[in-house]
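**Q** Numbering (mature numbering (1 follows the signal peptide of the UniProt record, and there is no 0)), first residue to last: -22 to -1, 1 to 133. So that we are looking at the same thing, I have put the structure below in structure tokens.
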């Protein structure tokens, strides 16, 4: 289960990696024991997670380019970042739905009966967190645009 929860958390964190909400992430602790082989379902979902990660990173690159463009005023930056987020928002919704379905399917696996409650809790929380990311990014961008500009460095 920890691998499933970690994958969901990682996807949510990576999705939040827009310039206004970027954070340093501590390195992962080394694994104590080798993880068991992944099921075909886990392998397929991992591929979906990697694709979502790539899309999220691309969104972050696009947002950062707009936010760092000194030739744009705040209103233009807001309009352009909103358009970028709107374009990627369906991907967040789709991946959140896939994550929920995957976790519910994993909760139904007899070998995971001991973790069923934990998996079902993740199936509720993680998709909701992913669905909230676009709004969180918008709020962070609004806050960054409302902040006073830093004074120019003396030459």
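Backbone N, C-alpha and C define an ideal beta-carbon position, used for all residues, glycine too.
1) Any contact of the stretch 46 to 59 with the stretch 24 to 32, i.e. 3+ C-beta pairs under 8 angstroms?
2) DSSP state of residue 32, grouped into three classes?
3) Out of 101, 112 and 27, which has the shortest C-alpha to C-alpha gap to residue 66?
4) Just reading off the alpha helix (DSSP H) that residue 105 is part of, what are its end residues?
5) Leaving out five residues on either side along the sequence, give the residues of the same chain with a beta carbon under 6 angstroms from the beta carbon of residue 49.
6) Specify, as a first and last residue, the run of the alpha helix (DSSP H) that residue 79 falls within.
7) If you run the structure through DSSP and keep just helix, strand and coil, what is residue 37?
8) Less than 8 angstroms separating the beta-carbons of residue 136 and residue 83?
**A** So, from the listed chains and residues:
1) no
2) As a first step, residue 32 is located in the chain shown; it is residue number 54 there, counting from the start. The answer is helix: DSSP assigns residue 32 an H, G or I state.
3) Numbered from 1 along the chain shown, position 88 holds the residue referred to as residue 66. Of the listed residues, the one whose Cα sits closest to residue 66 is 112.
4) Within the chain shown, the letter at position 127 stands for residue 105. Residues 94 to 124.
5) If you number the chain shown from 1, residue 49 lands on position 71. Nothing listed; no residue qualifies.
6) The residue you call residue 79 lines up with position 101 of the chain shown. Looking at the DSSP string, the run of the alpha helix (DSSP H) that includes residue 79 is 52 to 85.
7) Looking up residue 37 in the chain shown gives position 59. Looking at residue 37 - three-state DSSP - the assignment turns out to be helix.
8) As displayed, the chain neither begins before -22 nor continues past 133, which places residue 136 out of reach and without an answer.
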